[in-house]
Amino acid sequence: MAVGRVLAAVVLAGGMLTACGQGGAESLLDEPTLVVGVRPDLPGLGLRRPDGRFEGFDIDVARYVANRLGKKARFVQVLASERITALTSGRADLVLATLSVTPERKTQIAFAGPYYMSYQDVLVRADERGVKGVRDLTGRRFCAVEGADPIQRLLAVHGMTARTVPAKSYDQCMGMIKGRTVDAITTNDVILAGLVRREGRGYRLVNARISEQNTGIGLRRGDVEGCEALNRAITRMYQDGTAARLMHRWFGGTGLDLSIIEVPQFEGCV
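Numbered per our numbering, the sequence shown spans residues 124 to 393.
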């Protein structure tokens with residue numbers, strides 16, 4: 124009996140170690156419905172309609188990958204400051220919300236993908252015909268959304284200077300550029316493309332390509348199997364033409380360069 128108790132203890136300890144090795148959390152593959160955190164405030168990417176439904180590129184990508192995994196998707200809104208905590212608190216299983224892959228974020232969450240490679244760009248009024256590149260805006264007024272860091276990347280461009288005007292949101296930035304309080308807005312190119320699409324004529328992208336940004340699917344750490352399944356779904360999305368169709372649907376005609384659409388280089392699941 125003593126030997127049996129020892130063996131039982133060994134088996135129990137082995138099971139506990141295995142669970143710890145998996146991060147102590149169930150895989151998203153065990154869930155029939157995936158709760159997905161998405162932005163409610165970015166036209167073309169993640170926007171909450173008056174009837175409560177969400178629409179945009181990130182919404183369609185989330186539905187596609189969930190379907191490839193045999194799951195349903197349920198959406199909850201997350202603002203920029205809530206994206207990481209939505210995962211770590213368990214409020215969301217996935218986050219598709221213009222979440223760039225960074226070393227700092229990888230210490231808190233895991234990433235599948237990226238599912239889209241983008242660049243920081245600049246939006247100006249269409250009548251700014253003398254603006255061909257970012258340096259043509261040296262010393263001009265840029266809207267800076269609080270809590271975002273694209274202005275720092277802008278100022279890292281050699282010889283670039285800018286005056287910044289703070290704002291709470293990109294909608295407020297659009298109000299400023301309409302009223303000529305600022306001359307330009309800079310952030311992720313798909314965010315700017317969504318604004319151009321909503322506003323119609325009167326604004327354009329400079330196609331500055333200031334810095335490359337990989338947009339990934341955020342998920343809880345330790346779920347390697349779930350991460351790899353998401354990567355397979357993203358790969359298929361590009362191979363079957365869905366990625367190209369969605370990009371042209373949401374960003375076509377905005378001035379965003381859609382000439383090359385190919386599977387991004389994945390970060391790897393760890």
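Yeah, the Cβ is synthetic: ideal placement off N, Cα and C, and Gly gets one too. The structure displayed is predicted, hence computed values, not measured ones.
From which residue to which residue does the alpha helix (DSSP H) around Arg-355 run?
347-362
On the three-state DSSP scale, how would you describe Asn-190?
helix
Inter-residue CB distance, Asn-317 and Leu-151 (contact presumed, cutoff 8 angstroms):
What sits at residue 317 in the sequence shown is Gly, not Asn. That pair is no contact at about 27 angstroms.
One or two residues paired with Cys-266 in a DSSP bridge:
Val-288, Ile-308
If you draw a straight line from the C-alpha of Thr-156 to the C-alpha of Ala-196, how long is it?
Each residue's alpha carbon lies about 6 angstroms from the other.
If you compare alpha carbons, which of Asp-363, Ala-249, Leu-246, Asn-337 is closest to Gln-388?
Asn-337
Between Val-319, Arg-343, Val-393, Tyr-326, which has its C-alpha nearest Glu-251's C-alpha?
Tyr-326
Of all the alpha helix (DSSP H) runs that stay within the bounds of the stretch 183-235, which reach a length of 4 or more residues?
206-211, 226-229
Measure the CB-CB distance between Arg-248 and Arg-263 and report whether it falls below 8 angstroms.
no
Does the distance from the CB of Thr-309 to the CB of Leu-342 come in under 8 angstroms?
no
Could you give the residue range of the beta strand (DSSP E) that holds Gly-376?
Segment: none, Gly-376 is in no beta strand (DSSP E) and carries neither H nor E.
Between Leu-246, Gly-282, Ile-340, which has its C-alpha nearest Met-299's C-alpha?
Leu-246
Taking only the alpha-carbon atoms, compute the straight-line gap between Trp-373 and Arg-332 and give it to the nearest angstrom.
Pairing Trp-373 with Arg-332, the inter-Cα distance amounts to about 19 angstroms.
Pick helix, strand or coil for Val-257, following the three-state DSSP scheme.
helix
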